[in-house]
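Chemist: Residue numbers (the numbering used here), protein chains in the order written: chain A, 5 to 247; chain H, 766 to 1080. Here's a structure for you.
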Amino acid sequence: MRLRDELEGIYAILLKDLKAYYLKPPNISWGILFPIVLALAFTLRNPRGLRDLAPGLVAMAALFGTTSMEAIVVTFEKRVGALERLYMAPLTYTSILLAKVLGGAVFGGFISAVMTLLCVTLLGMHISHPLLYVGGLALSLIALSSLGALIAFSVREVFEAQTLSNYFRFPMIFLCGVFIPVGSLPLPLRVVAYMLPLTYTVELLRASTLSPSTCPLLDLAILTLFSAVFLLLTHRAMGRAYG
Amino acid sequence: MDSIIVEGLTKYYGDLCAVDHVSFTVEAGEVFGYLGPNGAGKTTTIRMLTGLTRPSEGRAWVAGYDIVKETLEVKRRIGVVPEVSNLYDELTVWENLEFISRLYHVPRAERHRRIGELLKLFDLWDRRDTRFRRLSRGLKRRAVLAAALVNDPEILFLDEPTTGLDVVSARSLRGLVNRLRGMGKTIFLTTHYIEEADQLCDRVAIIVCGRIRAIDTPENLKLKAGVKSILEVELSDRPPASLLERLRGLEVEVEGRQLRVHTDNPQMLLRLLVEEVGRSGLTLLSLRSRSPTLEDAFIKLTGLSPEVMRREKGV
Ligand SMILES: Nc1ncnc2c1ncn2[C@@H]1O[C@H](COP(=O)(O)OP(=O)(O)O)[C@@H](O)[C@H]1O
Ligand SMILES: [Mg+2]
């Protein structure tokens, strides 16, 4: 009974967020254009190494798709007092948090799906392990969206969330194997790379599109751990709002 | 039966004691007013009682549940109208209420019927497909009140429900609060309008700087403060010293050519005034006697000027 109430609440918030924010026409068109521009930019620069780059592009789409809108949604709702609506309701913080994380993950999933489509049709990416691809991507979306939630719930203003997100996003793009294989980084940077979730996303996507080079189970476990840690920290940040 | 029991509830923000050991009870079916100037601690009290802010000290029970340990049970049984109307701008009135009713786990079968009833009760039926942000301030306030009722709560918390509304909207909202009282809801409302507290509330707590100064029915507060009938007089010139001399012993406020005298014997005062004014060659321009209001009692009990109460937030 209680669990059903919580699930109903999560579903209601998720649906409301999709309707009120994520699925607005400008966001949908951004969600389609962003992967196209990204894919085009790299096709023009380096038309040959593209098959190799495809998993990285999908990872980047997942990263930006999950964290960008979610941070805006949460900080905006915080500022106008609409987030408090949710705190007023008979729902646990956990459910509110999960709903927000799912919102980001769904939107990120949409953008990643568009990117996947482009990579398969235009760049010749071949998904040899579809189950691993979808599972790894889904778990990555949850982990990255949880990171987005942690940032969004820890700050006050929209611009703070954007700035803070960029502190995480840009290093991740350069360190996590999107362009440069992690193995070829100098040791200190490699250590940093393995502390960032996107590294495991890229590894998983590579493993499912090329031949598995690393153990995907370890990647899955580490991403689960990342998600759990981010969710716990966000829950604590929400608790501070209660005072 | 008591719907709300509050014992020594306290909130510190750093060194600031926003709410200072307040205690009171609210009976089921009662309209209880929390009257105080801006910054008195009204919102902070509501936020603690509705599970939005953790109390620093003290305890409270709402609908029989501990506000800290059983917050979810409390939240199920209450409706809240926050100080700022915070429904979702992008959603229509109907979508907003539907969303809130899901958050409060209103059974699917009842949802639409109840939302329809509320919208009709609040005269919002014709606006059900209007986006929230397109509503006027008064209609927004009504929509938020409707949203607070979708879960059919036992207890309603209204934080300054009429602040910022024009006279007509404010009156219509007060009418709605009265209807809700008729439906047997327990209502806890805050206001800095003394008249509103007088009109709407069965009992009023006067809160200043986080402390409750008095709690009683408006009638008893007036009695307690010992405010008498008041004679307001306007003269053709400043009142002469001889007149003030004769009024010594009575409570007199002079403002330019105006005199305000408190008395429990208006007849004698009137005779004296006419006599003394005539002797000094002045004329009585106007004369008004009125029975004491809650505002008079408020001034007596708190020592605050009514100006403090009229000051709106941020002005
Ligand atoms: N979140 C907060 N942090 C710090 N101080 C606060 C906070 N909320 C309220 N206060 C302070 O607590 C006091 C009471 O505020 P409030 O309860 O909003 O008063 P009211 O609703 O009666 O106008 C004020 O001095 C206000 O500045
Ligand atoms: Mg207030």
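Beta carbons are placed, not taken as given, at the ideal position from N, Cα and C, and that holds for glycine.
To the nearest angstrom, how far is it from the Cα of T213(A) to the Cα of G128(A)?
Modeler: Position 209 of the first sequence holds residue 213(A). Position 124 of the first sequence holds residue 128(A). Each residue's alpha carbon lies about 11 Å from the other.
Chemist: Inspect the beta-carbon positions of A24(A) and T79(A) and report whether they are closer than 9 Å.
Modeler: Position 20 of the first sequence, counting from 1, holds the residue named residue 24(A). Position 75 of the first sequence, counting from 1, holds the residue named residue 79(A). Cβ distance not < 9 Å, so A24(A) and T79(A) don't count as in contact.
Chemist: Quick one: which chain H residues come within Cβ less than 9 Å of L18(A)?
Modeler: The residue you call residue 18(A) lines up with position 14 of the first sequence. Those within 9 Å of L18(A) in chain H number zero; the least Cβ separation is about 11 Å.
Chemist: Please confirm whether any heavy atom of ligand 2 lies closer than 8 Å to the CB of E984(H).
Modeler: For the purposes of this step, residue 984(H) is taken as the residue at position 219 of the second sequence. No; taking the cut-off as 8 Å, the Cβ of E984(H) has no heavy atom of ligand 2 nearer than that.
Chemist: Using DSSP with H/G/I as helix, E/B as strand and the rest coil, what is K950(H)?
Modeler: One-based indexing of the second sequence puts residue 950(H) at position 185. K950(H): coil per DSSP, three-state reduction.
Chemist: So T818(H) contacts chain A; which residues on that side make the cut at Cβ distance below 8 Å?
Modeler: Taking the second sequence and counting its residues from 1, one reaches residue 818(H) at position 53. The contacting residues are Y246, G247.
Chemist: For Y869(H), go through chain A and note every residue whose CB falls closer than 8 Å to its CB, in chain order.
Modeler: Working through the second sequence from its first residue, we reach residue 869(H) at position 104. Neighbours of Y869(H) on chain A, chain order: A93, P94.
Chemist: Determine, using beta carbons only, whether K20(A) and Y869(H) come nearer to each other than 9 Å.
Modeler: Residue 20(A) sits at position 16 when you count from the first residue of the first sequence. Residue 869(H) sits at position 104 when you count from the first residue of the second sequence. Not in contact: K20(A) and Y869(H) (Cβ atoms no closer than 9 Å).
Chemist: Leaving out five residues on either side along the sequence, give the residues of the same chain with a beta carbon under 8 Å from the beta carbon of D1002(H).
Modeler: The count along the second sequence starts at 1 and reaches residue 1002(H) at position 237. Closer than 8 Å at Cβ, skipping near neighbours: R1022, L1047.
Chemist: Taking the alpha carbon of N985(H) as the reference point, which residue from F864(H), I971(H), L945(H), L814(H) has its own alpha carbon closest?
Modeler: Taking the first residue of the second sequence as 1, we reach residue 985(H) at position 220. Ranking the options by Cα distance to N985(H), first place goes to I971(H).
Chemist: Enumerate in chain order the residues of its own chain whose CB-to-CB distance from H239(A) is below 8 Å, with the five nearest sequence positions on each side excluded.
Modeler: Residue mapping note: residue 239(A) aligns to position 235 of the first sequence, counting from 1. Correct list, in chain order: Y97, T98, L101.
Chemist: I need the DSSP call for D854(H), collapsed to helix, strand or coil.
Modeler: Counted from its first residue, the second sequence places residue 854(H) at position 89. Correct three-state label for D854(H): coil.
Chemist: Find the nearest neighbour of R1076(H) within the set R936(H), A805(H), R1053(H), judged by alpha-carbon distance.
Modeler: Here residue 1076(H) refers to the residue found at position 311 of the second sequence. Cα-wise, what sits closest to R1076(H) is A805(H).
Chemist: Compile a chain-ordered list of the residues in the segment 38-65 of chain A whose CB is closer than 7 Å to at least one CB of chain H.
Modeler: So nothing in the stretch comes that close.
Chemist: By how many angstroms is the C-alpha of L945(H) removed from the C-alpha of V871(H)?
Modeler: Within the second sequence, residue 871(H) is the residue found at index 106, counting from 1. Within the second sequence, residue 945(H) is the residue found at index 180, counting from 1. Cα to Cα, V871(H) sits roughly 20 Å from L945(H).
Chemist: Taking Cβ-Cβ distances shorter than 8 Å, what residues in chain A pair up with R841(H)?
Modeler: For the purposes of this step, residue 841(H) is identified with residue 76 of the second sequence, where counting begins at 1. The answer, in chain order, is P94.
Chemist: By how many angstroms is the C-alpha of P983(H) removed from the C-alpha of G112(A)?
Modeler: Within the first sequence, numbered from 1, the residue matching residue 112(A) stands at position 108. Within the second sequence, numbered from 1, the residue matching residue 983(H) stands at position 218. Rounded to whole angstroms, G112(A) to P983(H) spans 58 Å at the Cα level.
Chemist: Is the beta carbon of F230(A) less than 9 Å from the beta carbon of G60(A)?
Modeler: Translated into the one-based positions of the first sequence, residue 230(A) becomes position 226. Translated into the one-based positions of the first sequence, residue 60(A) becomes position 56. No.
Chemist: Determine, for E838(H), whether the minimum Cβ-Cβ distance to residues of chain C falls below 9 Å.
Modeler: Looking at the structure shown, chain C is missing, and the protein chains on hand are A and H.
Chemist: Output the distance between the C-alpha atoms of P220(A) and E835(H), rounded to the nearest integer angstrom.
Modeler: Taking the first residue of the first sequence as position 1, residue 220(A) is located at position 216. Taking the first residue of the second sequence as position 1, residue 835(H) is located at position 70. P220(A) and E835(H): Cα-Cα distance of roughly 43 Å.
Chemist: Grab me the residues of L884(H)'s own chain with a C-beta within less than 6 Å of its C-beta, minus the 5 sequence neighbours each way, in chain order.
Modeler: Within the second sequence, numbered from 1, the residue matching residue 884(H) stands at position 119. Taken in chain order, the residues that qualify are W890, R893.
Chemist: So which of S994(H), I959(H), A913(H) has the shortest CA-CA distance to T815(H)?
Modeler: As a first step, residue 815(H) is located in the second sequence; it is residue number 50 there, counting from the start. Among S994(H), I959(H), A913(H), the Cα nearest to that of T815(H) belongs to A913(H).
Chemist: Taking any heavy atom of ligand 1 as the mark, which residues have a C-beta closer than 5 Å to it, listed down the chain?
Modeler: Working through the chain, the matches are Y778(H), A783(H), N803(H), G804(H), A805(H), G806(H), K807(H), T808(H), T809(H).
Chemist: For L856(H), which residues in chain A fall below 9 Å Cβ to Cβ?
Modeler: Position 91 of the second sequence, counted from the first residue, corresponds to residue 856(H). Near L856(H) (Cβ distances below 9 Å), the residues of chain A are K20, K23, A24.
Chemist: Do V784(H) and F953(H) have their C-beta atoms closer together than 9 Å?
Modeler: Within the second sequence, the letter at position 19 stands for residue 784(H). Within the second sequence, the letter at position 188 stands for residue 953(H). Not closer than 9 Å, so no.
Chemist: Taking 8 Å as the cut-off, does the CB of T927(H) come closer than this to any heavy atom belonging to ligand 2?
Modeler: As a working note, residue 927(H) is residue 162 in the second sequence. T927(H) Cβ: outside cutoff for every heavy atom of ligand 2.
Chemist: State yes or no: is the C-beta of T818(H) nearer than 8 Å to some heavy atom of ligand 2?
Modeler: Taking the first residue of the second sequence as 1, we reach residue 818(H) at position 53. Outside the cutoff, so no.
Chemist: Measuring only from the beta carbon, is T955(H) closer than 8 Å to any heavy atom that is part of ligand 2?
Modeler: For the purposes of this step, residue 955(H) is identified with residue 190 of the second sequence, where counting begins at 1. Under cutoff, so the answer is yes.
Chemist: With distance defined between alpha-carbon atoms, name the residue in M92(A), L121(A), E10(A), H130(A) nearest to R248(A).
Modeler: Past the boundaries of the shown model lies residue 248(A); chain A is included only from 5 to 247, so the question cannot be answered.
Chemist: Among E161(A), A165(A), R160(A), which has the Cα closest to the Cα of G152(A)?
Modeler: As a working note, residue 152(A) is residue 148 in the first sequence. Checking every option, the nearest Cα to that of G152(A) belongs to A165(A).
Chemist: Suppose contacts are defined by Cβ-Cβ distances below 9 Å. Is A103(A) in contact with Y15(A) by that definition?
Modeler: Numbered from 1 along the first sequence, position 99 holds the residue referred to as residue 103(A). Numbered from 1 along the first sequence, position 11 holds the residue referred to as residue 15(A). Yes, the pair counts as a contact, with Cβ atoms nearer than the cut-off.
Chemist: Can you find a CB in chain H that lies within less than 9 Å of the CB of L90(A)?
Modeler: What you label residue 90(A) is simply residue 86 of the first sequence in a count that begins at 1. Judged by the 9 Å Cβ criterion, L90(A) is in contact with chain H.
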